[in-house]
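Chemist:
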Amino acid sequence: MQTSGSSRPASQPRTIVILGSTGSIGTQAIDVVDGAPHLFEVVALSAGGGNLELLARQAVHTRAAAVGIAEGDPGRLRDLINDAAREAGLGQYRPEIIAGPDASTTIAAVKADVVLNGITGSIGLAPTLAALESGATLALANKESLIVGGSLVKSAAADGQIVPVDSEHSAIAQCLRSGTAAEVDKLILTASGGPFRGRAREELFAVTPEEALAHPTWDMGLMVTTNSASLVNKGLEVIEAHLLFDIPLDRIDVVVHPQSVIHSMVQFVDGSTIAQASPPDMRLPIALGLGWPDRVPGAATPCDWTRAASWTFEPLDSTAFPAVRLAKDAARQGSTYPAVFNAANEEAVMAFHAGHIRFTSIVDTIEAVLSEHSGSSGLTVGSVLDAEKWARARTHERLAVSSL
1 MQTSGSSRPA SQPRTIVILG STGSIGTQAI DVVDGAPHLF EVVALSAGGG
51 NLELLARQAV HTRAAAVGIA EGDPGRLRDL INDAAREAGL GQYRPEIIAG
101 PDASTTIAAV KADVVLNGIT GSIGLAPTLA ALESGATLAL ANKESLIVGG
151 SLVKSAAADG QIVPVDSEHS AIAQCLRSGT AAEVDKLILT ASGGPFRGRA
201 REELFAVTPE EALAHPTWDM GLMVTTNSAS LVNKGLEVIE AHLLFDIPLD
251 RIDVVVHPQS VIHSMVQFVD GSTIAQASPP DMRLPIALGL GWPDRVPGAA
301 TPCDWTRAAS WTFEPLDSTA FPAVRLAKDA ARQGSTYPAV FNAANEEAVM
351 AFHAGHIRFT SIVDTIEAVL SEHSGSSGLT VGSVLDAEKW ARARTHERLA
401 VSSL
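Residue 370 in UniProt numbering sits at position 370 of the sequence shown, and the numbers go up by one each step.
1. Rounded to whole angstroms, what is the Cα-Cα separation between residue 287 and residue 86?
2. For the alpha helix (DSSP H) that contains residue 15, what are its first and last residues?
3. Identify, in the order they occur along the chain, each residue of the same chain with its Cβ nearer than 7 angstroms to the Cβ of residue 101, setting aside the five sequence neighbours on each side.
4. Rounded to whole angstroms, what's the CA-CA distance from residue 392 to residue 215? Just pull it up for me.
5. Could you give the distance in angstroms between the alpha-carbon of residue 277 and the alpha-carbon of residue 303?
6. Short check: CB of residue 29 to CB of residue 290, under 9 angstroms?
7. Can you round the beta-carbon distance between residue 383 and residue 336 to whole angstroms, since I take them to be within the 8 angstroms contact cut?
8. Quick one: what does DSSP say residue 316 is sitting in, helix, strand or coil?
9. Since residue 69 sits in a beta bridge, which residues does DSSP pair it with?
10. Where DSSP assigns a beta bridge to residue 288, which residues make up the other side?
11. Cβ of residue 148 within 9 angstroms of Cβ of residue 125?
12. Exposed or buried, what is residue 312 when buried is set at 16 or more other beta-carbons lying within 10 Å of its beta-carbon?
13. DSSP on residue 39, reduced to helix/strand/coil?
14. Thinking C-beta only, is residue 44 closer than 9 angstroms to residue 68?
15. Tell me whether residue 406 is buried or exposed, calling it buried when 16 or more other Cβ atoms sit within 10 Å of its Cβ.
16. In chain order, what are the residue ranges of uninterrupted alpha helix (DSSP H) at least 4 long that sit wholly in the stretch 147 to 221?
17. Suppose you measure from the CA of residue 155 to the CA of residue 133; what does that come to, to the nearest Å?
18. Relative to the alpha-carbon of residue 185, which residue among 320, 306 and 172 has its alpha-carbon at the smallest distance?
19. Helix, strand or coil, according to DSSP, for residue 223 in the structure here?
20. Where does residue 259 sit, in a helix, a strand or coil, going by DSSP?
21. Judging by CA-CA distance, which residue of 52, 299 and 266 is the nearest neighbour of residue 255?
22. Can you tell me where the beta strand (DSSP E) holding residue 247 begins and where it ends?
23. Excluding five sequence neighbours on each side, which residues of the same chain lie with their C-beta closer than 7 angstroms to the C-beta of residue 88?
24. In the DSSP assignment, find the beta strand (DSSP E) that holds residue 275 and state where it starts and stops.
25. Who are the Cβ neighbours of residue 81 in its own chain at under 6 angstroms, not counting the five residues just before and after it?
26. Kindly indicate which three-state DSSP category residue 388 falls into: helix, strand or coil?
27. State the beta-bridge partners of residue 265 as determined by DSSP.
28. When we look at the beta-carbon of residue 193 and count the other beta-carbons within 10 Å, is it buried (16 or more) or exposed?
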């Protein structure tokens, strides 16, 4: 994997756009930039608008030239930025503010070396396409945009223009440096197993939203944490790996690794396996996404090899957690099936957290909605949006007649 071309002199910091700056990925990305100001400079930020106070502080802290919000009052954001700027002694700081549902797409097109897409959900598709069209390297944490966009995103990207930020795919990208594409036998994605590892399906019927959000390893938002508990997230990651690395689905395996130190592995045709190991810290794959192909010194704390430790690996229980199998099925059907998988899941997750359905009903609902879908004959932005709209409506219809 190589990065897309840039005319930036090597002595100058890479210019960075951060989409989803107030979320988990975005806040940690700013930490990475703070730790390497000689390497990175933030030029634009965008967020959903749910935390204007934090966005204002981030804008002043990074001195971003442009700030976008999808929702919320741009006038209030301006006031908050002005207040924060005065407190910081930067009274003349006046960034451009872009507001509205297309704000992140506009921000994604700002001239920069790297666009980090840290948005959650398929709403990140348009910003992903805008970033690729701009010619910037796309550091992709928003896996959903690749999954639902499929060939649309791949055809829009130059060779090596997309650099993965998910820890598993960042690990694979690093491992692939050890051989050629023809030498790869299979990809092995690791999964922590989530908070319900080891439970049988019948033990999952009564789990609560609070239990689903108690992830043993990672600190993430509601949607991603719930997806990790159901292993829908791992299913999405299998599709992402298939699309990113052009490896057939039947050569992508998932293994449960509770310690989350081995982030993924590549098995080569000669029988060797290369693994990437590091303590669970998203700042490492974020730093690699921003700096690829170069590493960022001190981005994260390394493993302490002087201390005794045990790593365990377990097979995935596909009976209790069928999401990975279902995701592979959706990917094999292609077209708009992955978009339906993702949209149905997003709606079912919100219904679970609202107390309307059981935890196990999340994946059951996805499977039922997929079974009713007829894929589009051609993949376009319009067909993806139409499929998502249908899937969300059909999910609501099914859940309206379901009960706990």
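We put the beta carbon where it would ideally sit given N, CA and C, even for glycine.
Fair warning: this is a prediction, and the values are worked out from it, not measured in the lab.
Modeler: On the basis of the supplied data:
1. Their Cα atoms are separated by approximately 31 angstroms.
2. Unbroken run through residue 15 is the beta strand (DSSP E), 14 to 19; no alpha helix (DSSP H).
3. 70
4. 26 angstroms
5. Approximately 8 angstroms, taken between the alpha carbons.
6. yes
7. Correct: roughly 6 angstroms between the Cβ atoms.
8. coil
9. Looking at the DSSP assignment, residue 69 forms a beta bridge with 47 and 99.
10. DSSP lists no partner for residue 288.
11. yes
12. Its Cβ having fewer than 16 others within 10 Å, residue 312 is exposed.
13. coil
14. yes
15. Since the first and last residues shown for the chain are 1 and 404, residue 406 lies out of range.
16. 151 to 156, 167 to 175 and 209 to 212
17. 11 angstroms
18. 172
19. helix
20. coil
21. That would be 266, whose Cα lies nearest to the Cα of residue 255.
22. For residue 247, there is no enclosing beta strand (DSSP E), as DSSP marks it with neither H nor E.
23. Same-chain partners within the cutoff: 60.
24. 273 to 277
25. 56 and 59
26. helix
27. Residue 265 is bridged to 188 and 275.
28. buried
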